[in-house]
Structures are given as C-alpha cells and as structure tokens.
Amino acid sequence: MKRYKTLFVSLLLMASLAISCAVNPEEDSDISYDHVMKAWMRVNHPDIKPFGNGGAYVLEMDKGDGVSIGDSAYIRVHYTKRMLDGTIVESDVREIAEQLGEYKASSNYAGNTWRLTQGYIPDALEEVFRTMRSGGSATIALPKSASDHEYTLYDAFSSLEEANNYIFEIAIDTVLYDIIDYQEKEMRKWFRTHYDSEATIADHLYFKKLEEHTADSDTITEGATINVRYIGRLMNGQVFDTNIEDTAKFYRIWSSSGSYNALEMTYYKSDETQFNSNNSVVEGFGQAILKMNSGEKAVTLFNSELGYGEDGKNPSIPEYSPLVFWLYIESVE
C-alpha cells in the first residue's frame, strides 16, 4: 500500500478554522459542518470541485488497473480516516498504527470487506468507487452531510464519536462479486494447504480431528459439562482470541483482565440450536464441538455466515471473515 502524503498545512488550517468560527451556532449542524469543509477546501484545494452528485471531494486518485468495480457488490480495502487537521481517527493499516504507537496484536490489519449495495457505505463514496478498479487508491474529503449514514455496519462510518467532516485514504485490494463463493474458494485452498484435506461436516465448514478418541468412555453424554480450550485465528494466521494463557502471551494478546480458564459448556448434541444459544458460541464453533469426544483435539474452519457475519467483531475480526479454531475438549464431569 502506498504511503500517503500529508495533506494538511497548519497555517492554512488555522485560516479555515477561523472561518468556521463565524458560523451561526444555531444553524443546522450539517450546514455548519459543510461551511467548514468548503472553507477548508478553498484554502487547501481551491481548484477541486465536488465529485459527481454525492458531495465528496477527490483530492488524489489512482484508479487502478485491475478488475473494474463497476456494479460489483463488495470490495476489500485498507483505509485511514482523519479529521481535517490531520488527526487520525482510525486506521486498519499496520504501519500507521505502529507509527502512532497504537499497534495491538489482536486488532485487524488484514483489510476490510465493504458492501457497495443497499446503503452500507455513504452514497458519495460509492459514487467514487464505482469509477475505480482493484489496485486503485484515493484520498477523499467527505463532508458530514455526505457521511451521515443510518444503515452502515462498518466501523469506518459508524464510530462512537460524533459524525464530522473526514478525510478518507483508501486502497482497494480486491473486487468481489460473490462474497460466499470467494470465501469457499479461499477456505478450500487454505484447508488443503494446511491439513492436506478437504473434509467437511456441514455446508461452509471444514473439520479435521488432530487427536481422536473412540472408546465408549470418551463419548460425551447429553447434558454433560465439558471444558473446552481454544485458539481462534483469521485465515492469515492472526490469533484474535484464546483461553490458553501461554498462547495469549506468545501472540501478544494477553490481558490482565482476560479469563484463561477453560470454556465451560453444557453438551446438547440432540439440539444444536439450544447448544449454541445456551453456551453463547457462534454456529461454526458449536457444530465442530458436537463432532468431538472427550480428550480430542480438532481444527475447524468455517465461513462468515457461521461466524460473525457481515458485522465482524471489532477490533479483531473484520466483516465477512472465515474463522479458524483449534479446539480441545479437556474433560467431562
């Protein structure tokens, strides 16, 4: 990903902010913020006009030479969001997090998958993206009036801070037309590479026992309490969660407030829905556990529909992420 140039000059910024102070505080907030954005643009980029009908300003753009976004449904991106004074609000770029001293081993730096249909991102950004290709990048100034977004699921547009004028620096890695098909292809390739297997136990779920116990004494009875150890990873190898303390320390995700006891679960093999809901686990995790006996170790890989879906789980699991779990049923009471 290319390094972005600093776009902000302190002296000029002070001039634009001085203009903003003249705005009547009783005015509609969108109008007030738009006055600030227009003043900032006049000072810093006087020759740039709004892009299309959405109201965004494209400050820099490399359209890319890969697959055309066109009418595709999804793009995989890296992004950085800034205030007009250059302050970084958030970023999924590891190098930037490291420079700021905010890098966390448990956070996601593998990129995000954004849906371009049904209002998941601001229309003004979608309008820009539709003209681009994979491998492209853009720096976009987005006024508050164009970034207010009722339906978005993505952290980039729905942070807890009040909506504001923002600068987005975005690099487009991949263009996707069918997110589930894409995940299936990547999962099949990953499981074959790492475990020389394509074994599945359910739609969209791969599973392999690493240590097998077949004696009757290892069979788990209905309603029994089981203790489960696990390591959760993304397909790029990043560990996002574990209840094994030494593993947490090794992967630098250990927390003094974390719990490193075995996960205590009640076994309901005859009712998978009850098992998942009573034990508060995602569907893929539950399906894998129900295929195991006491003392067994296994690995499972399942797609986002069986995990955290289109939302992901901030800050560790991006949207539409397949998940890998190493599992061990420690004991049966």
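Numbered by this note's numbering, the letters in the sequence shown go through residues 4 to 336 in order. No residue lacks a Cβ here, since even glycine has one placed at the ideal position from N, Cα and C.
Query, Result
"Backbone CA spacing between Ala174 and Leu330 [nearest angstrom]", "36 Å"
"Proximity of Ala141 and Val61 at Cβ, strictly below 9 Å", "yes"
"C-beta contact flag for Ile332 and Val231 at 9 Å", "yes"
"Close beta carbons around Ser137, own chain, < 7 Å, minus the five adjacent residues each side", "Gly67, Gly69, Val70, Ile175, Asp176, Thr177 and Val178"
"C-beta contact flag for Glu286 and Gly310 at 9 Å", "yes"
"Nearest candidate by alpha-carbon position, reference Glu189, set Asn56, Lys316 and Asn306", "Asn306"
"Buried versus exposed call for Arg195 [16 or more other C-beta atoms within 10 Å across all chains shown]", "exposed"
"Leu208 to Ala218 span [Cα, whole Å]", "26 Å"
"Ranges of the alpha helix (DSSP H) found wholly within the segment 184-266, counting only runs of at least 4", "248-253"
"CB of Phe210 within 9 Å of CB of Thr303, strictly", "yes"
"Candidates Ser259, Leu145 and Leu326: closest to Asp37 by CA position", "Leu145"
"Same chain, Cβ closer than 7 Å to Lys316, neighbours up to 5 away in sequence not counted", "none"
"DSSP bridge partner residues for Tyr77 (one or two, in chain order)", "Arg118 and Leu179"
"Distance CB(Val284)-CB(Met268) smaller than 9 Å", "yes"
"Bounding residues of the alpha helix (DSSP H) (the contiguous stretch that carries Ser150)", "Lys147 to Ser150"
"Separation of Tyr198 from His64, as counted between CA atoms", "The amino acid occupying residue 64 in the given sequence is Met; His does not appear at that position. If you take the alpha carbons of Met64 and Tyr198, they lie about 42 Å apart."
"Buried/exposed call for Thr120, threshold 16 Cβ in 10 Å", "exposed"
"Leu128 (DSSP reduced to helix, strand or coil)", "helix"
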